[in-house]
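Okay, so the sequence shown: first residue is 111 according to the working numbering, each after it adds one.
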Amino acid sequence: MGIPELISSRSPRVAAARRLARRNFRGKERRFIAEGPQAVREAAEHRGGDGEPTLIELFATVEAAERYADIIDAAHAAGARVQLADGDVLADVSQTVTPQGLIGVCRFLDSPFQDILAAKPKLVAVLANVRDPGNAGTVLRCADAAGADAVVLTDASVDLYNPKSVRASVGSLFHLPVAVGVPVEQAVRGLRDAGVRILAADGAGDDDLDDELDAGTMGGPTAWVFGNEAWGLPEETRALADAVIRVPIHGKAESLNLATAAAVCLYASARAQRPRRTGG
Numbered sequence: 111m112g113i114p115e116l117i118s119s120r121s122p123r124v125a126a127a128r129r130l131a132r133r134n135f136r137g138k139e140r141r142f143i144a145e146g147p148q149a150v151r152e153a154a155e156h157r158g159g160d161g162e163p164t165l166i167e168l169f170a171t172v173e174a175a176e177r178y179a180d181i182i183d184a185a186h187a188a189g190a191r192v193q194l195a196d197g198d199v200l201a202d203v204s205q206t207v208t209p210q211g212l213i214g215v216c217r218f219l220d221s222p223f224q225d226i227l228a229a230k231p232k233l234v235a236v237l238a239n240v241r242d243p244g245n246a247g248t249v250l251r252c253a254d255a256a257g258a259d260a261v262v263l264t265d266a267s268v269d270l271y272n273p274k275s276v277r278a279s280v281g282s283l284f285h286l287p288v289a290v291g292v293p294v295e296q297a298v299r300g301l302r303d304a305g306v307r308i309l310a311a312d313g314a315g316d317d318d319l320d321d322e323l324d325a326g327t328m329g330g331p332t333a334w335v336f337g338n339e340a341w342g343l344p345e346e347t348r349a350l351a352d353a354v355i356r357v358p359i360h361g362k363a364e365s366l367n368l369a370t371a372a373a374v375c376l377y378a379s380a381r382a383q384r385p386r387r388t389g390g
């Protein structure tokens, strides 16, 4: 299948893609931007719960189209409209200083919270009042790497489809279910009713992560609640949890940032839930 000639920066389709940098337009159109080969490749292979392809349109420079011919083929196979554009057009649409030559327009892909509960999750990350998009995307990536079953962004958290969140997830956005806009009380109540233990991660927690691991209490279904990096979890959110856990600081560091603490907690749960290996 051939690729049409270079698109003009004045094209209505370019203007529509450019507007997706703004949250209100993303919400209205239920579309977002994915940039770079990794994210676009994942988008081309992803399908929503309705079976429809996630990738709708792809803008590519001539160089990127040649270098990533497999991604162009995958986009065509997904039914996406593929369009060549020069570097200036991509820079106009991109939210990065140095665009990587591929920009995809994608359909929203968040999952209903009830669908996540119905799947009987064993490990969930709940982002409560996480406002920094880079942190949100990185925690999503950590959850994916740790084998979590889902991520929940509460109604007070950053937009999942913020370009910085999408980039920071490095494609993990397309790998696991994510629910958005769920009030924290509803998230905790729903998960607890589904048999999931709720652990709040807080540097001032009463319980130590090492002690929890040593006690063997972390092997069951678990949801970790992570708060804002600057001020942590409010008392009312801490009170919702079954336990408030701190990551021990064995050295002289003042604290861990949100994404690092989330990685430690999620991997601790993943290890505790994994069957022990026996010698052969």
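Every residue gets a Cβ at the ideal spot worked out from N, C-alpha and C, and that includes glycine.
Three or more C-beta pairs below 8 Å linking the region 327-336 and the region 278-292: no
Once you ignore the five residues that flank Ala256 on each side, which residues in its own chain have a CB closer than 8 Å to its CB? Along the sequence shown, one-based indexing puts residue 256 at 146. For Ala256, where only same-chain residues beyond five positions count, the Cβ hits under 8 Å are Leu233, Ala373, Leu376, Tyr377, Ser379 and Ala380.
Using the Cα positions of Cys216 and Pro231, report the straight-line distance between them to the nearest angstrom. Numbered from 1 along the sequence shown, position 106 holds the residue referred to as residue 216. Numbered from 1 along the sequence shown, position 121 holds the residue referred to as residue 231. Roughly 26 Å separates the two Cα atoms.
For Gly112, which three-state DSSP category applies? Locating residue 112 in the sequence shown gives position 2, where the first residue counts as 1. In this prediction, Gly112 has a pLDDT of 49, which is less than 50 and means its spatial position is unreliable; nothing more can be read from the coordinates.
Measuring CA to CA, which of Val306, Asp320, Ser118 and Pro122 is closest to Val236? As a first step, residue 236 must be located in the sequence shown, where it is residue number 126. For the residues Val306, Asp320, Ser118 and Pro122, the minimum Cα distance to Val236 belongs to Val306.
Contact belief for Val294 with Thr264 at Cβ below 8 Å, rounded distance in angstroms: In the sequence shown, the residue the question calls residue 294 occupies position 184. In the sequence shown, the residue the question calls residue 264 occupies position 154. Right, the Cβ-Cβ distance comes to about 5 Å (below 8 Å), so this counts as a contact.
First through last residue of the beta strand (DSSP E) which encompasses Glu145: In the sequence shown, counting from the first residue as 1, residue 145 sits at position 35. First-last of the beta strand (DSSP E) with Glu145: Arg141 to Glu145.
So, under 8 Å CB-CB, Gly337 and Ala238 are touching, yes? Tell me the CB distance rounded to an integer number of Å. As a working note, residue 337 is residue 227 in the sequence shown. As a working note, residue 238 is residue 128 in the sequence shown. Between Ala238 and Gly337 the Cβ distance is about 5 Å, and since that is below 8 Å, they are a contact.
Take the Cβ of Arg136 as the centre, count every other Cβ of all protein chains shown within 10 Å, and call the residue buried at 16 or more, exposed below. Here residue 136 corresponds to residue number 26 of the sequence shown, with the count starting at 1. Its Cβ being crowded by 16 or more others within 10 Å, Arg136 is buried.
Ala185 and Leu200 closer than 8 Å at C-beta: In the sequence shown, the residue the question calls residue 185 occupies position 75. In the sequence shown, the residue the question calls residue 200 occupies position 90. It is not a contact, given that the beta carbons lie outside the stated cut-off.
When Arg251, Gly247 and Ala369 are compared against Lys274, the one with the closest alpha-carbon: Here residue 274 corresponds to residue number 164 of the sequence shown, with the count starting at 1. Nearest of Arg251, Gly247 and Ala369 to Lys274, Cα basis: Gly247.
Quick one: grab the DSSP three-state call for Phe135. Here residue 135 is taken as the residue at index 25 of the sequence shown, counted from 1. It is helical.
Short of 7 Å in beta carbon distance, which residues of its chain neighbour Arg302, apart from the five on each side in sequence? Order them along the chain. What you label residue 302 is simply residue 192 of the sequence shown in a count that begins at 1. For Arg302, where only same-chain residues beyond five positions count, the Cβ hits under 7 Å are Ile308.
Any beta carbon of chain C sitting closer than 8 Å to that of Val306? Given the protein chain composition of this structure (a single chain), no chain C is represented.
Quick one: grab the DSSP three-state call for Pro163. The sequence position of residue 163 within the sequence shown is 53, counting from 1. Here Pro163 sits in strand by DSSP.
Just grab the DSSP bridge partners of Leu168 for me. Counted from its first residue, the sequence shown places residue 168 at position 58. DSSP, once it has assigned bridges, lists Val192 and Gly214 as partnering Leu168.
Coarse secondary structure for Arg120, derived from DSSP in three states: Translated into positions along the sequence shown, residue 120 becomes position 10. Collapsing the DSSP output to three states places Arg120 in coil.
Are Arg277 and Leu319 closer than 8 Å when you measure CB to CB? For the purposes of this step, residue 277 is identified with residue 167 of the sequence shown, where counting begins at 1. For the purposes of this step, residue 319 is identified with residue 209 of the sequence shown, where counting begins at 1. No, they are not a contact pair.
At 3 residues or longer, what runs of the beta strand (DSSP E) sit wholly inside the region 270-317? 288-292 and 307-311
Work out the CA separation of Asp352 and Ala311 for me, nearest whole Å. Taking the first residue of the sequence shown as 1, we reach residue 311 at position 201. Taking the first residue of the sequence shown as 1, we reach residue 352 at position 242. Approximately 11 Å, taken between the alpha carbons.
Give the DSSP-derived three-state secondary structure of Val262 in the structure shown. The residue you call residue 262 lines up with position 152 of the sequence shown. The three-state reading of DSSP puts Val262 in strand, counting E and B together.
Cut-off 6 Å between Cβ atoms - residues of its own chain near Gly291, not counting five sequence neighbours on either side: The sequence position of residue 291 within the sequence shown is 181, counting from 1. So the qualifying residues of the chain are Asp265.
Answer yes or no: do Ala154 and Ala175 have a C-beta to C-beta separation smaller than 8 Å? Here residue 154 refers to the residue found at position 44 of the sequence shown. Here residue 175 refers to the residue found at position 65 of the sequence shown. Contact: no.
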